[in-house]
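The structure under discussion appears below in the form of structure tokens.
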Amino acid sequence: MMHIPSIIEKKRDGGILGDEEIRSVIAAYTAGGMPDYQMSALAMAIYFRGMTAEETASLTRAMLESGEAFEYPESSPRVVDKHSTGGVGDKVSLILAPLLACDDLWVPMISGRGLGITGGTLDKLEAIPGFRVGLSREEAMAQLQKIGVVMIGQTADVCPADKKLYALRDVTATVPSQPLIVASIMSKKLAETLDALVLDVKYGSGAFMKTREEAETLGSAMQAVGEAMGVDTRVCYHTMDEPLGRAVGNSLEVVESIETLKGGGPEDLRQIVIALAKEVSSADESQLEAWLDDGSAWQKFQEMVDCQGGDASELEKLGDLQRAKVIRDITAEHDGIIIAADAETIGRCSVSMGAGRSKADDVINPTVGFDQLIKVGSEVSTGDVLGRVHAANEAGVDHGERLLREAIRCE
Ligand code: URA
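Residue 465 in my numbering sits at position 329 of the sequence shown, and the numbers go up by one each step.
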């Protein structure tokens, strides 16, 4: 057993950790032999000191090997997936996973909860009453055989190290670290034993990477890890200066995803879904569009909800079932053009209203957030709705209004 404080000290002072040291830290943390306070200190040291490509590869491998990887029968279809580095209003996975399964691919998506100012796929799915994200590997395999798509979280047997470290990073300001992001994302994706992966790397105010340059460094690092493990890894880059789509907050984002799965939804969201799907699907763009427009992807989503403990027949009522206590229209005070809708401010506000966590054991409120958000470039007249705030009480809605007005610039 290595001496953990010495390993933290080495990284704090800018040293390079060896493969054995990284493996022993991850093994101890996963087994409960290293407390959260030591891992928090190490994560902060990594945040400030970074890691070499070799250290990052060791961390990814150690996190992958903390659990079991998926294994498929010889005759299984191509196995593909997508992962985003995180953004505000980024609900792409909820639409993309069932869409890809229309193409007779297998999509064994392992996702995470909210992280920093960004929402998480698992928290969104859990806004659907009864939806279970904690399936075992056996249950996930059986569902893949049946409908071709499953959306789960890290569990005791799949990426347990990421399950713990992810929750810790969320509340210790240690998310925007390239090696920690690479290891977190790629350990989950490699556990899926994929043929092909598309990574959606975000940059801008509502993303962890603020510039295109930082995003490209992160994208290339993840691609190198994926390719080294034999996965055809594609990288797409998208800006994240305003929220994606028009809704932010867990149940509000599921409602918007349902609209998009039924062929509607905001144009920017649909475009990103199609662009990412094209990277890993053998179907062409018109076929992918058709699966959204003819109800095939929506049908697949409903099958998935029914398989994972939800009730698909209730999905269209989700907006009423998960309705915030107070909803307020925020309207334009003068005519003009929207020149900014700052994703970071909106994401931070949504978390502080209860859509995300400030302590690891916080219970989130699935109903709060924003919808009907105005898009940059829109022309507005006095009295037009800039967005709606959904909050748990009057104080929350006042806070939401103040920050939404700060985020939106109209000139
Ligand atoms: N998504 C993840 O799964 N992990 C990160 O660290 C960031 C985004």
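All C-beta atoms, glycine included, are put in the ideal place defined by N, C-alpha and C.
This one's a predicted model, so the numbers in the text were calculated from it and none came from an experiment.
What residues are listed by DSSP as bridge partners for residue i?
{"i": "residue 507", "result": "524"}
{"i": "residue 117", "result": "With the chain covering 137 to 547 only, the question about residue 117 has no answer from this structure."}
{"i": "residue 251", "result": "254"}
{"i": "residue 289", "result": "247"}
{"i": "residue 273", "result": "Beta-bridge pairing links residue 273 to no other residue."}
{"i": "residue 384", "result": "506"}
{"i": "residue 217", "result": "333"}
{"i": "residue 345", "result": "339"}
{"i": "residue 409", "result": "Answer is none; residue 409 lacks a bridge partner."}
{"i": "residue 516", "result": "472"}
{"i": "residue 368", "result": "332"}
So, is residue i buried or exposed, given that buried needs 16 or more other C-beta atoms within 10 angstroms?
{"i": "residue 524", "result": "buried"}
{"i": "residue 277", "result": "buried"}
{"i": "residue 312", "result": "buried"}
{"i": "residue 374", "result": "buried"}
{"i": "residue 175", "result": "buried"}
{"i": "residue 379", "result": "buried"}
{"i": "residue 264", "result": "buried"}
{"i": "residue 139", "result": "exposed"}
{"i": "residue 473", "result": "exposed"}
{"i": "residue 377", "result": "buried"}
{"i": "residue 152", "result": "exposed"}
{"i": "residue 526", "result": "buried"}
{"i": "residue 349", "result": "exposed"}
{"i": "residue 262", "result": "buried"}
{"i": "residue 173", "result": "exposed"}
{"i": "residue 272", "result": "exposed"}
{"i": "residue 429", "result": "exposed"}
{"i": "residue 157", "result": "buried"}
Verify the contact flag: residue i, CB atom, against every heavy atom of the ligand PLP, threshold strictly below 7 Å.
{"i": "residue 302", "result": "As far as ligands go, the structure on display features the ligand URA and does not contain the ligand PLP."}
Find the nearest neighbour of residue i within the set the options, judged by alpha-carbon distance.
{"i": "residue 465", "options": "520, 475, 411 and 154", "result": "520"}
{"i": "residue 457", "options": "341, 437, 316 and 266", "result": "266"}
{"i": "residue 496", "options": "299, 530 and 347", "result": "299"}
{"i": "residue 192", "options": "305, 315, 500 and 341", "result": "315"}
{"i": "residue 259", "options": "447, 516, 509 and 493", "result": "493"}
{"i": "residue 295", "options": "324, 340 and 305", "result": "324"}
{"i": "residue 215", "options": "432, 326 and 179", "result": "326"}
{"i": "residue 150", "options": "227, 179, 341 and 156", "result": "179"}
{"i": "residue 433", "options": "394, 223, 189 and 280", "result": "394"}
{"i": "residue 498", "options": "307, 152, 271 and 144", "result": "307"}
{"i": "residue 532", "options": "370, 461, 477 and 449", "result": "461"}
{"i": "residue 274", "options": "366, 147 and 207", "result": "207"}
{"i": "residue 546", "options": "517, 226, 536 and 535", "result": "517"}
{"i": "residue 279", "options": "398, 240, 444 and 223", "result": "444"}
{"i": "residue 189", "options": "401, 359 and 381", "result": "359"}
{"i": "residue 467", "options": "522, 529, 449 and 303", "result": "522"}
{"i": "residue 226", "options": "147, 242, 318 and 392", "result": "392"}
{"i": "residue 297", "options": "322, 425 and 420", "result": "322"}
{"i": "residue 470", "options": "511, 478 and 515", "result": "515"}
{"i": "residue 435", "options": "285, 410 and 328", "result": "285"}
{"i": "residue 268", "options": "309, 441, 345 and 411", "result": "441"}
{"i": "residue 200", "options": "438, 362 and 489", "result": "362"}
Going by DSSP, what residue range makes up the beta strand (DSSP E) through residue i?
{"i": "residue 477", "result": "472 to 477"}
{"i": "residue 545", "result": "544 to 546"}
{"i": "residue 462", "result": "462 to 467"}
Could you tell me the boundaries of the alpha helix (DSSP H) in which residue i lies?
{"i": "residue 221", "result": "First-last for residue 221: undefined, no H or E at that position."}
{"i": "residue 166", "result": "155 to 167"}
{"i": "residue 441", "result": "432 to 443"}
{"i": "residue 427", "result": "421 to 429"}
{"i": "residue 207", "result": "Here residue 207 belongs to no alpha helix (DSSP H), and DSSP marks it neither H nor E."}
{"i": "residue 145", "result": "140 to 148"}
{"i": "residue 229", "result": "228 to 237"}
{"i": "residue 182", "result": "172 to 185"}
{"i": "residue 299", "result": "296 to 306"}
{"i": "residue 320", "result": "314 to 327"}
{"i": "residue 455", "result": "454 to 457"}
{"i": "residue 199", "result": "189 to 200"}
Are three or more beta carbon pairs between the region 502 to 514 and the region 373 to 386 nearer than 8 Å? yes
Does the region 289 to 301 touch the region 243 to 252, meaning 3 or more C-beta pairs lie closer than 8 Å? yes
Taking 8 Å as the threshold, find out whether the region 341 to 358 comes into contact with the region 227 to 245 through three or more Cβ pairs. no
Indicate whether the contact test is met: 3 or more Cβ pairs, each with one atom in the region 333 to 341 and one in the region 153 to 165, closer than 8 Å. no
How do the region 400 to 411 and the region 249 to 266 stand: do at least 3 beta-carbon pairs fall below 8 Å, yes or no? no
Can at least three beta-carbon pairs, one atom from the region 176 to 184 and one from the region 217 to 227, be found at a separation below 8 Å? no
Say whether the region 534 to 542 touches the region 479 to 492, bearing in mind that this needs 3 or more beta-carbon pairs closer than 8 Å, one atom from each stretch. yes
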